[in-house]
Amino acid sequence: MKTRNRNWSIGLALLMCCVFIIPIIAINENKQSTPITFNGTWGIGDERSIGDKYPISATYDDFNIYIESTSTCSDITIKVLDNSGFITIEKNVNKEDFPIIIPINYLQKGAYQLVLTNQWGDRLTGEFQID
Numbered sequence: 007m008k009t010r011n012r013n014w015s016i017g018l019a020l021l022m023c024c025v026f027i028i029p030i031i032a033i034n035e036n037k038q039s040t041p042i043t044f045n046g047t048w049g050i051g052d053e054r055s056i057g058d059k060y061p062i063s064a065t066y067d068d069f070n071i072y073i074e075s076t077s078t079c080s081d082i083t084i085k086v087l088d089n090s091g092f093i094t095i096e097k098n099v100n101k102e103d104f105p106i107i108i109p110i111n112y113l114q115k116g117a118y119q120l121v122l123t124n125q126w127g128d129r130l131t132g133e134f135q136i137d
């Protein structure tokens, strides 16, 4: 009798995983991250960059902002501002901590600005939309 109850419990647990967990994983795997295009200047050694040469990139989806850097030259302050200019997220990141994942699934729908600054005064800004 105990073996039968145990098998029933294991079967129910597997069924629950199939019904609830697998669809969530499938939905998340189909989501594509959208790149955030930056404007501004960011130092690369002695050279200043404009355009596609930034050593830092950001993408976002419904749940997170993903920030990656190919340079470990500086610590970065990350801010997310809403459309009225209010800082909704502010985070100081050490250069060793990349890549960075910032949760945004709790933010209201609307337009936001991502602002990245470093200790030398370089600043990148990019806009993104939460629908």
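Counting with our numbering, you get residues 7 to 137 for the letters of the sequence shown. C-beta: ideal position from N, C-alpha, C; glycine also. Note that the coordinates shown come from a computational prediction; the quantities given were computed from them, not determined experimentally.
Its chain contains Asp-81 as the residues whose beta carbon lies nearer than 8 Å to that of Asn-100, once the 5 sequence neighbours on both sides are disregarded; these appear in chain order.
Boundaries of the beta strand (DSSP E) harbouring Pro-41: 40-42, taken from the DSSP string.
Shown here for Gln-135: same chain residues with a beta carbon closer than 6 Å to its own, the five before and five after excluded, namely Ala-117 in chain order. Thr-43 and Glu-102 have their C-alpha atoms spaced approximately 23 Å apart. In the assembly as shown, Tyr-112 is an exposed residue. Its beta-carbon has fewer than 16 other beta-carbons within 10 Å.
Counting the other Cβ atoms within 10 Å of the Cβ of Gly-132 gives 16 or more, which makes it buried. Shown here for Tyr-60: same chain residues with a beta carbon closer than 7 Å to its own, the five before and five after excluded, namely Phe-44, Trp-48 and Leu-130 in chain order. By the criterion of a C-beta distance shorter than 8 Å, Ile-62 is surrounded in its chain by Phe-44, Trp-48, Ile-73, Glu-74, Ser-75, Thr-76, Ser-77, Ile-82, Leu-122 and Leu-130, once the five residues flanking it on both sides are discounted. By the criterion of a C-beta distance shorter than 8 Å, Thr-65 is surrounded in its chain by Ser-39, Thr-40, Pro-41, Ile-42, Ile-71 and Tyr-72, once the five residues flanking it on both sides are discounted. CA-to-CA, the gap between Gln-119 and Lys-97 works out to about 14 Å. Rounded to the nearest angstrom, the Cβ distance from Ile-95 to Phe-69 is 14 Å, too far for a contact under 8 Å.
For Tyr-60, there is no enclosing beta strand (DSSP E), as DSSP marks it with neither H nor E. Listed in chain order, the non-local C-beta contacts of Gln-125 below 7 Å within the same chain comprise Ser-80 and Asp-81, local neighbours out to five positions each way being set aside.
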